[in-house]
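A.B. asks: Pasting a structure here, questions to come.
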Amino acid sequence: MAGDKVRRLIDVGRARRVGSSSLSLSWDNSTRRRSDLRLESFANGGAYPNRPFRLKIPRLGLEVNIGTDETVLDVLEAAGADPLFNCRKGECGLCAVDFLGYSGELDHRDVFFSDEKKKEGVKLCACVSRISGESLTIDLP
1 MAGDKVRRLI DVGRARRVGS SSLSLSWDNS TRRRSDLRLE SFANGGAYPN RPFRLKIPRL
61 GLEVNIGTDE TVLDVLEAAG ADPLFNCRKG ECGLCAVDFL GYSGELDHRD VFFSDEKKKE
121 GVKLCACVSR ISGESLTIDL P
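Here's what the structure looks like:
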């Protein structure tokens with residue numbers, strides 16, 4: 001198996017629990033080259049099923065419905081709000097928006113923000129995160 005590349009998929013929650021240094025040490029102890037280690041993240045399906053909700057952006061005078069198959073980012077783009085974004089997977093944080101209020105439960109589906117930042121309830125990644133409830137009020141950077 002020397003020289004072979006091995007890819008190990010691990011969900012982000014588990015990686016945070018075990019710690020990336022623990023994963024690296026395990027890899028190093030296996031006689032494989034560190035340069036062959038590849039960690040990949042994959043999407044968080046969310047804590048709640050997708051439900052439609054109302055998105056409000058007071059500064060822009062915008063109120064729109066978000067369907068079950070749409071993201072906040074999709075709707076912002078369609079409305080001409082010109083949001084910043086890059087990965088569309090909740091990894092880079094470029095699409096993060098400030099949220100001003102909500103009715104329901106926040107469903108952070110990104111891997112960008114730490115659990116602590118998510119609990120602070122200040123920002124969310126518009127490309128993947130949602131609300132499970134009636135409405136979400138945000139402001140754009």
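By the UniProt record's numbering, the letter at position 124 of the sequence shown is numbered 124, and the numbering carries on one by one without gaps. Just so it is clear, CB atoms sit at the ideal spot from N, CA and C, and this is done for glycine as well.
How is A78 classed by DSSP in three states: helix, strand or coil?
C.D. replies: The answer is helix: DSSP assigns A78 an H, G or I state.
A.B. asks: Near A79, what residues of its chain come up, given a Cβ to Cβ distance below 7 Å and the 5 sequence neighbours on each side ignored?
C.D. replies: These residues qualify, in order along the chain: L62 and V64.
A.B. asks: DSSP three-state label for V72, please.
C.D. replies: In this structure, V72 counts as helix in the three-state DSSP scheme.
A.B. asks: Kindly indicate which residue of C95, F113 and V128 has the alpha-carbon position closest to the one of G121.
C.D. replies: When only C-alpha atoms are compared, the closest one is F113.
A.B. asks: Is D115 helix, strand or coil when you go by DSSP?
C.D. replies: D115 falls in the helix class under three-state DSSP.
A.B. asks: For A47, which residues in the same chain have their Cβ closer than 6 Å to its Cβ, ignoring the five residues on either side in sequence?
C.D. replies: Closer than 6 Å at Cβ, skipping near neighbours: D107.
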